[in-house]
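Since the structure comes first, as structure tokens, the remarks are kept for the end.
Protein chains: 2
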Amino acid sequence: MNSVPIPITPQGLQIACSACNLRELCMPVGLSDDELERVDSLIGTRRKVPRGMPLYLSGESFTSLFAIRTGFFKTEVVSEDGREQVTGFQMAGELMGLDGIGTGQHNCDARALEDSEVCVIPFNRLSELSREIDTLQHHFHKVMSREIVRDQAVMMLLGTMRAEERLAAFLVNLSQRFSSRGYSATEFNLRMTREEIGSYLGLKLETVSRGLSRMQDEGLLTVSNKNIRIHKLDELKRAMSPRC
Amino acid sequence: MNSVPIPITPQGLQIACSACNLRELCMPVGLSDDELERVDSLIGTRRKVPRGMPLYLSGESFTSLFAIRTGFFKTEVVSEDGREQVTGFQMAGELMGLDGIGTGQHNCDARALEDSEVCVIPFNRLSELSREIDTLQHHFHKVMSREIVRDQAVMMLLGTMRAEERLAAFLVNLSQRFSSRGYSATEFNLRMTREEIGSYLGLKLETVSRGLSRMQDEGLLTVSNKNIRIHKLDELKRAMSPRC
DNA sequence: CGGGGCGTTGAGAGGAGTCAACTCAGGTGG
DNA sequence: CCACCTGAGTTGACTCCTCTCAACGCCCCG
């Protein structure tokens, strides 16, 4: 096996959803104590996924969603003719596996980019519970809908932006997500390779590398391998728009 | 107003969901008579949307989903800096508006490409009912999930394919969707302009035009304005893959 | 009949891809 | 501890695909 189920132990209970510091990110607000307890009971197990290992692979049967507790993932689609497309990078508090509901099989690979841990959410239990708790149902629908909106934003990026605009948008997006999790908005480590960034942005790795170098030359940021320090976040945001 | 609500009249009842010829496309199977009746009651009104008119616009508050009864739509996202991206083309039996659930506001424009008619599905009624009818709940989740998978396929197209591959993929996709609705798989009329195709595929309209001309020169198909006749569907499918 | 939207085609420009050489960091094993 | 090796990243030179700009034709409609 590529990962280890962790049964909830007495110790484990201290990180029940109701006590999880990621609660605002992946749980609905406004639940009663009773409801909160039942939602807690949703999470049967947690699972550690070491760096480089898959959380699930395309074609595997779908039974659960996964909420990231710690770590960093990528999701990747591989087509029949061998093309690979990274469809997203996921971090703490985000949900993975929604693509599997439609067919009952996962439709992409999810791989840990660093040692990670996820909460396993059995989908049929979630379905049951969301029939009983309106708030949970609505929350789940919102999460799925936001996923659709996010994908549409990526389509916009891939369809209309040039290389450096895509790169700027990518970095600004990462910056915001780190920031909203309490990390620095201006300094962070990329967990993915240039090639993975390129795949996500519809570019070749050399183009990604050149783009970063160029931004460094312009004083927008400093790149040192995977470490990024953004000096002019406002200019970086402007660089997302044409004619700059 | 850009469209006209149509209250269900005695005549209207004959096209209740349970009797709709698109039933397999947009309704769950395996409902009991009682359940069927309740799902029928979901559809409060229908709405005609003349060609060119919006079904909804970005920023409008979200209250309902829409199932297409007849006609053809495009959905389009406009970014702050003025970029436009067609995110999809929708035809009979397909659902629109899922992007609005997350924020409570529509996040794209939906516009009729020909005179169309949609069933209005009040979202809070759908939510209620899907709490009572498992089958309906699961069906709705599947529909949302498939939307995500579809969007990922578009990301793959935009991220990895060259112009003519995209065009081939687009035509094959249309062909299959027409075919599954009982229309010809090899002859159909495009409802959208070259520019709209280009926006969807991340290409300029000239590139779309050239691509179609080239395919015609190669004998794959015949183009006459918006009319497409595919002569070699199998070769067109091969043209979706690299090195042809 | 004239005009505007849509589509086609050509010529030239430019941005990203391709190919290749080189550097660097990290991990492994002698 | 150092030599080695591998994968990741950078950079340069060149190619080529798509975009840009422009001219022109077609069709529909006022």
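First to last, the protein sequences are chains A and B.
Note that this note's numbering numbers the first sequence so that position 33 is 33, with each residue one more than the last.
To convert, take the position in the second sequence, counting from 1, and add 244; that gives this note's numbering.
We put the CB at the ideal spot given by N, CA and C, even for glycine.
Note that the structure is a prediction, hence the values are computed from the model and not measured.
**Q.** Coarse secondary structure for E358(B), derived from DSSP in three states
**A.** strand
Q. Does DSSP put K481(B) in a helix, in a strand, or in coil?
A. helix
Q. By Cβ distance below 7 angstroms, which residues in the same chain neighbour P366(B) in space, the five residues on each side in sequence not counted?
A. G288, T307 and S308
Q.
By alpha-carbon positions, which one of H475(B), L286(B), R421(B) and T404(B) ends up nearest to I377(B)?
A. L286(B)
Q | Euclidean distance between Cα positions of S419(B) and H106(A) | A | 26 angstroms
Q: Can you grab the Cα-Cα spacing for the pair P10(A) / E117(A), in whole Å?
A: Note on P10(A): pLDDT 46, under 50, position unreliable in the model; the coordinate value appears next. Going by the C-alpha atoms only, they are around 18 angstroms apart.
**Q.** 3-residue-minimum beta strand (DSSP E) runs that sit fully inside the stretch 261 to 326 of chain B, ordered along the chain
**A.** 289 to 293, 298 to 300 and 308 to 322
Q. Chain A beta carbons: is any one of them nearer than 8 angstroms to that of C352(B)?
A. yes
(Q) In whole angstroms, give me the CA-to-CA distance for L221(A) and D34(A). (A) 49 angstroms
**Q.** Contacting positions in the stretch 70 to 99 of chain A - beta carbon closer than 7 angstroms to chain B
**A.** V77, S79, D81, R83, Q85, T87, L98 and D99
**Q.** Of the residues I68(A), L113(A), G100(A) and A110(A), the one placed nearest K386(B), counting alpha carbons only
**A.** G100(A)
Q. With F72(A) and M53(A) assumed to form a contact (beta carbons below 8 angstroms), what rounded beta-carbon distance in angstroms separates them?
A. Contact flag wrong, Cβ pair sits at about 13 angstroms.
Q. In or out: K226(A) buried (at least 16 other Cβ within 10 Å) or exposed?
A. exposed
Q: For Q420(B), decide whether its Cβ has a neighbour in chain A, counting only Cβ atoms nearer than 8 angstroms.
A: no
Q: Put N227(A) into one of helix, strand or coil per three-state DSSP.
A: strand
Q.
What residue range does the alpha helix (DSSP H) around T347(B) cover?
A. Here T347(B) belongs to no alpha helix (DSSP H), and DSSP marks it neither H nor E.
**Q.** Selected residue, minimal CA-CA separation from L299(B), among T437(B), T331(B), A354(B) and I259(B)
**A.** A354(B)
Q. Should R214(A) be labelled buried (16 or more other beta-carbon atoms within 10 Å of its own) or exposed?
A. exposed
Q. Counting contacts by CB-CB distance shorter than 8 angstroms, is Q275(A) in contact with chain B?
A. Absent from the model: residue 275(A). The displayed extent of chain A is 1 to 244, so no value can be given.
Q. Name the chain A residues that come within less than 7 angstroms of R390(B), Cβ to Cβ?
A. G102
Q: Would you mind sorting V273(B) into buried or exposed? The rule is 16 or more other CB atoms within 10 Å of its CB.
A: exposed
Q.
Using a Cβ-Cβ cutoff of less than 8 angstroms, which residues in the same chain neighbour L31(A) once the five nearest sequence positions on both sides are dropped?
A. V39, I133, T135 and L136
Q.
Residues in the same chain with beta-carbon distance under 6 angstroms from G332(B), minus the five sequence neighbours each way, listed in chain order, please.
A. T319
Q: Answer yes or no: do E187(A) and M240(A) have a C-beta to C-beta separation smaller than 8 angstroms?
A: no
Q) Do we get a CB-CB distance below 8 angstroms when we pair L402(B) with the residues of chain A? A) yes
Q) Any idea if E268(B) is buried or exposed, counting beta-carbon neighbours within 10 angstroms, 16 or more meaning buried? A) exposed
Q: In angstroms with no decimal places, state the Cα-to-Cα distance between R454(B) and C261(B).
A: 43 angstroms
**Q.** Cβ-based contacts, 8 angstroms cut-off: residues of the stretch 19 to 45 of chain A near chain B
**A.** none
Q: Look at the Cβ atom of L129(A), then the Cβ atom of A185(A), and state whether they are nearer than 8 angstroms.
A: no
Q: Apply the 10 Å Cβ neighbour rule to R435(B) and answer buried if 16 or more other Cβ atoms are within range, or exposed otherwise.
A: buried
**Q.** Contact with chain B by H231(A), beta-carbon distance below 8 angstroms
**A.** no
Q) Cα separation between E450(B) and L201(A)? A) 24 angstroms
Q: Below 8 angstroms on the Cβ atoms is my guess for R438(B) versus V452(B); work out the distance and round it to an integer in Å.
A: 5 angstroms
Q: Drop a sphere of 10 angstroms on the beta-carbon of D217(A), count the other beta-carbons inside from all chains shown, and report buried for 16 or more, exposed for fewer.
A: exposed
(Q) Taking the alpha-carbon of E440(B) as reference, which of C352(B), L357(B) and G341(B) has the nearest alpha-carbon? (A) L357(B)
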